[in-house]
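Scroll down for the structure; my scribbles are underneath it.
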């Protein structure tokens, strides 16, 4: 999905914005690569938002980036993913201390770690490509927050 460079409304690839009626296919494809005031393009800022939660918070606070829906979406998705990831690790730590179930977490830790790394890598790459890749529940929450 692409976004209107004027108002930020989500539109289909190659379509014009129904609100502005001024977005062309060329300007829509340029939205993810339009440079911000700090010299970062939107796709680079979206990818950098996933490098710990610090850049995500910074992009939500700083003026040129907090106005861009694409960067806000990826920043919120990073924060929600980090929160879900923390809850999952705490849950696994509790299960690890339960008798007769603790041995199962020994097998789960590496698999969960690998799955989390793969998901993180996909999120970074999709953001760098200028795409709005949404995780099932977290992505909907991030999209809701980014739109407000």
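Residue numbers (our numbering): 11 to 158. Even glycine gets a Cβ: it sits at the ideal position worked out from N, Cα and C.
Whether residue i touches residue j by CB criterion (9 Å)
| i | j | result |
| --- | --- | --- |
| residue 102 | residue 118 | yes |
| residue 20 | residue 79 | yes |
| residue 105 | residue 114 | yes |
Nonlocal neighbours in the same chain, by C-beta distance under 7 Å from residue i, ignoring five residues either side
| i | result |
| --- | --- |
| residue 81 | 52, 55, 56, 59, 69 and 75 |
| residue 152 | 83, 86, 87 and 90 |
| residue 156 | 79, 82, 83 and 86 |
| residue 99 | none |
| residue 154 | none |
| residue 111 | 105 |
Neighbourhood of residue i by C-beta distance below 6 Å, restricted to the same chain and skipping five residues each side
| i | result |
| --- | --- |
| residue 233 | The structure shown does not extend to residue 233, since the chain is modelled only from 11 through 158, so no value can be given for it. |
| residue 137 | 56, 57 and 84 |
Bridge partner(s) assigned by DSSP for residue i
| i | result |
| --- | --- |
| residue 12 | 21 |
Same chain only: Cβ atoms within 8 Å of residue i, ignoring 5 sequence neighbours per side
| i | result |
| --- | --- |
| residue 133 | 60, 84, 87, 88, 91, 143 and 145 |
Residue-level contact to chain D via CB, residue i, 9 Å cutoff
| i | result |
| --- | --- |
| residue 88 | Absence of chain D from the displayed structure is noted, only one protein chain being present. |
What are the start and end residues of each continuous alpha helix (DSSP H) run of 4 or more residues lying completely inside the region 62-120, in chain order? 64-71, 73-76 and 79-106
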